[in-house]
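Notes for the one structure printed next.
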Amino acid sequence: MLTVGIGSSFAHFSETVSQEVVNAFKKDFSGAQDVSWESGKTFAKATFKMNDQVMFAYYSKEGELQATTRNIISAQLPINLLADLKKSYGQYWITDLFEMAANSSTSYYITLQDGEQNVILRSNGAAGWEVYKKEKKAI
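In case it helps, the UniProt record's numbering puts the sequence shown at residues 1 to 139.
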C-alpha cells in the first residue's frame with residue numbers, strides 16, 4: 001500500500017524531465033507529495049508539498065540538486081534580519097519573501113514596496129541585508 005502511495009506521488013512529471021532527475025528527486029525528497037515538474041533550458045524545477053508546505057527544488061539536467069526554496073512569513077526570518085528590516089525598511093510593505101538553501105548555506109530574498117519604488121533585498125545567511133535590485137514604480 002505504501003509503495004502505491006509513494007509511486008503515485010511521483011507519477012505526474014513532464015516527459016521533458018529526465019529519469020535521472022526524477023530519481024535524484026525521489027532520493028532527496030522521499031516524503032514529497034503532489035509533485036509537478038517544469039523544465040527549462042538548463043534546469044528542471046519540481047514543485048511539491050512536504051510537511052504541509054509547498055516547496056520548490058531546482059535540479060541540473062544531470063540530476064544534481066542546485067537549490068531548494070520555500071515561501072516564508074517575516075516571523076520566520078532570523079531575529080537580527082527581522083530587526084534590521086524593521087529598522088531600515090519600516091515604511092515598506094512586504095510583497096514576497098522566500099528562503100533559499102543552496103551549497104550548504106541559506107539565503108533570504110524579500111521584495112518590498114512603498115508608494116514610489118520596489119526594492120529587492122538579499123541576505124546571505126543571517127549577516128544582514130544588501131540591495132539586490134531597486135526600481136521605480138510605473139506611474
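Ideal Cβ positions, reconstructed from N, Cα and C, are used throughout, including at glycine.
Rounded separation between A67 and I73 - CA only:
For the purposes of this step, residue 67 is taken as residue 67 along the sequence shown, with counting starting at 1. For the purposes of this step, residue 73 is taken as residue 73 along the sequence shown, with counting starting at 1. Inter-residue distance for A67 and I73 is about 19 Å (C-alpha atoms, whole angstroms).
Can we say the region 85-95 touches the region 40-57, given the rule of at least three CB pairs closer than 8 Å?
Taking 8 Å as the limit for Cβ pairs, the verdict is that the region 40-57 does not touch the region 85-95.
Do N71 and L97 have their C-beta atoms closer together than 8 Å?
For this step, residue 71 is matched to residue 71 along the sequence shown. For this step, residue 97 is matched to residue 97 along the sequence shown. Against a cut-off of 8 Å, the Cβ pair of L97 and N71 comes out as a contact.
What does a CB cutoff of less than 6 Å around N118 pick up in its chain, not counting 5 residues either side in sequence?
The count along the sequence shown starts at 1 and reaches residue 118 at position 118. Cβ neighbours of N118 beyond the five flanking positions: E135.
In terms of residue numbering, what span does the beta strand (DSSP E) encompassing E20 cover?
Position 20 of the sequence shown, counted from the first residue, corresponds to residue 20. DSSP places E20 outside any beta strand (DSSP E); the residue lies instead in the alpha helix (DSSP H), whose first and last residues are 19-28.
Cβ-Cβ distance between V82 and W129 below 8 Å
Indexing the sequence shown from 1 puts residue 82 at position 82. Indexing the sequence shown from 1 puts residue 129 at position 129. For the record, residue 82 in the displayed sequence is Leu; it is not Val. Not in contact: L82 and W129 (Cβ atoms no closer than 8 Å).
Any idea what DSSP makes of S104, helix, strand or coil?
Counting from one through the sequence shown, the residue named residue 104 turns up at place 104. In the structure shown, S104 falls within a coil segment according to DSSP collapsed to helix, strand and coil.
C-alpha distance - Q19 paired with F25, whole-angstrom precision:
Locating residue 19 in the sequence shown gives position 19, counting from the first residue. Locating residue 25 in the sequence shown gives position 25, counting from the first residue. Put simply, the backbone Cα of Q19 is about 10 Å away from that of F25.
Is F10 helix, strand or coil by DSSP?
Taking the first residue of the sequence shown as position 1, residue 10 is located at position 10. Residue placement at F10 is poorly supported in this model, since its pLDDT is 45, which falls under 50; the coordinates still yield a value, given next. Residue state, collapsed to three classes: coil.
On the three-state DSSP scale, how would you describe A67?
As a working note, residue 67 is residue 67 in the sequence shown. Reduced to three states, the DSSP call for A67 is strand.
D34, DSSP secondary structure in three states:
The residue labelled residue 34 in the question sits at position 34 within the sequence shown. Three-state result, D34: strand.
Consult DSSP for K137 and reduce its assignment to one of helix, strand or coil.
Here residue 137 refers to the residue found at position 137 of the sequence shown. Note: K137 maps to coil in three-state DSSP.
Just checking my contact of I94 with I120 at CB under 8 Å: how many whole Å lie between their CB atoms?
Walking along the sequence shown from the start, residue 94 turns up at place 94. Walking along the sequence shown from the start, residue 120 turns up at place 120. That belief does not hold up - the Cβ atoms of I94 and I120 are roughly 11 Å apart, past 8 Å.
Note down, in chain order, each residue of its chain lying with its Cβ closer than 6 Å to the Cβ of A101, except the 5 sequence neighbours on either side.
For this step, residue 101 is matched to residue 101 along the sequence shown. Only residues of its own chain outside the window of five on either side were considered, and among them T68 have a CB closer than 6 Å to the CB of A101, listed in chain order.
Between P78, Q33, Q113, K137, which has its C-alpha nearest S123's C-alpha?
For this step, residue 123 is matched to residue 123 along the sequence shown. Answer by Cα proximity: P78.
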